[in-house]
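Participant:
In our numbering, the protein residues as written are 444 to 655.
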């Protein structure tokens with residue numbers, strides 16, 4: 444079913460969201476020769492920890508996508524203010540429409556409808572408008588979800604999990620986040636794998652799936 448998905452776009456409200464939500468799947472698709480793009484809509488300058496430059500997340504995302512195998516020219520970075528996406532939802536939608544027109548993605552990864560973070564929910568709402576002609580999978584954030592709909596699984600292996608962890612570890616400025624630890628990342632992948640009798644997996648909400 445993934446054979447007809449050649450151009451894959453990962454939408455990250457904030458830098459590192461894509462790696463956390465579907466990093467191992469990204470590594471798998473790159474290995475399969477898929478053309479993977481990464482669009483981050485905020486570098487969170489307003490909430491950068493003390494001691495780091497304001498643009499540190501823009502620097503870190505460039506290093507993180509290298510670990511996953513994404514080409515630097517396939518990275519798109521916007522600078523919307525963190526936690527204020529709702530006030531910029533029309534501009535975000537317009538940016539997404541341009542990205543859709545230029546990239547013509549077959550498959551989109553973005554936050555799910557279960558994600559309660561205010562920026563993530565805005566990206567979900569505008570993303571399903573902008574990319575309604577493409578297949579869309581919503582990635583999970585356990586710490587943002589009251590519940591989650593596991594209607595799609597991507598089987599991944601140890602090497603791909605390791606690449607996900609290596610990518611996340613490039614975010615030195617976010618090292619204090621408990622959910623980005625190797626233990627949590629591996630634990631979730633193990634649990635999702637257990638649900639489908641595999642060693643590791645990443646789970647997604649099937650928002651829209653188009654078979655051509």
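For glycine and all other residues, C-beta sits at the position ideal for the given N, C-alpha and C.
Values in this document were obtained by computation on a predicted structure and should not be read as measured data.
Tell me the start and end of each unbroken beta strand (DSSP E) in the stretch 482-536 that is at least 3 residues and wholly inside, in chain order.
Facilitator: DSSP runs (the beta strand (DSSP E)) wholly in the stretch 482-536: 518-520.
Participant: Name, in chain order, the residues that DSSP records as bridge partners for residue 600.
Facilitator: In the chain shown, counting from the first residue as 1, residue 600 sits at position 157. Partner(s): none; residue 600 has no beta bridge.
Participant: Have a look at residue 623 and residue 500 and give me their C-alpha separation to the nearest angstrom.
Facilitator: Position 180 of the chain shown, counted from the start, is the residue given in the question as residue 623. Position 57 of the chain shown, counted from the start, is the residue given in the question as residue 500. Roughly 15 Å separates the two Cα atoms.
Participant: Are three or more beta carbon pairs between the stretch 458-473 and the stretch 595-605 nearer than 8 Å?
Facilitator: At 8 Å Cβ cutoff, the stretches touch.
Participant: Note down, in chain order, each residue of its chain lying with its Cβ closer than 7 Å to the Cβ of residue 629, except the 5 sequence neighbours on either side.
Facilitator: The residue labelled residue 629 in the question sits at position 186 within the chain shown. Contacts found: 604.
Participant: What does the alpha-carbon distance come out to for the pair residue 563 and residue 554?
Facilitator: Residue 563 sits at position 120 when you count from the first residue of the chain shown. Residue 554 sits at position 111 when you count from the first residue of the chain shown. Rounded to whole angstroms, residue 563 to residue 554 spans 6 Å at the Cα level.
Participant: Rounded to whole angstroms, what's the CA-CA distance from residue 459 to residue 615? Just pull it up for me.
Facilitator: By one-based count along the chain shown, residue 459 stands at place 16. By one-based count along the chain shown, residue 615 stands at place 172. Approximately 11 Å between the Cα atoms of the pair.
Participant: Is residue 621 helix, strand or coil by DSSP?
Facilitator: Position 178 of the chain shown, counted from the start, is the residue given in the question as residue 621. It is helical.
Participant: Please determine if the stretch 641-650 and the stretch 578-596 are in contact, where contact requires at least 3 C-beta pairs separated by less than 8 Å.
Facilitator: Yes, the stretch 641-650 is in contact with the stretch 578-596.
Participant: With residue 577 and residue 558 assumed to form a contact (beta carbons below 8 Å), what rounded beta-carbon distance in angstroms separates them?
Facilitator: The residue labelled residue 577 in the question sits at position 134 within the chain shown. The residue labelled residue 558 in the question sits at position 115 within the chain shown. The pair is not a contact, with the Cβ atoms about 19 Å apart (cut-off 8 Å).
Participant: Report yes or no: do the stretch 523-541 and the stretch 473-491 share at least 3 C-beta pairs separated by less than 8 Å?
Facilitator: Contact between the stretch 523-541 and the stretch 473-491 is present, because at least three Cβ pairs lie under 8 Å.
Participant: What's the C-alpha gap between residue 547 and residue 635?
Facilitator: The residue labelled residue 547 in the question sits at position 104 within the chain shown. The residue labelled residue 635 in the question sits at position 192 within the chain shown. Answer to the nearest angstrom: the Cα atoms are 30 Å apart.
Participant: Nearest-angstrom Cα distance between residue 599 and residue 638?
Facilitator: Taking the first residue of the chain shown as 1, we reach residue 599 at position 156. Taking the first residue of the chain shown as 1, we reach residue 638 at position 195. The straight-line gap from Cα to Cα measures roughly 13 Å.
Participant: Let me know if residue 541 comes out buried or exposed under the rule of 16 or more other beta-carbons within 10 Å of its beta-carbon.
Facilitator: In the chain shown, counting from the first residue as 1, residue 541 sits at position 98. Residue 541 comes out exposed.
Participant: Leaving out five residues on either side along the sequence, give the residues of the same chain with a beta carbon under 7 Å from the beta carbon of residue 515.
Facilitator: Indexing the chain shown from 1 puts residue 515 at position 72. Cβ neighbours of residue 515 beyond the five flanking positions: 505.
Participant: Closest to residue 462 by CA distance: which of 589, 621, 613, 641 is it?
Facilitator: Within the chain shown, numbered from 1, the residue matching residue 462 stands at position 19. When only C-alpha atoms are compared, the closest one is 613.
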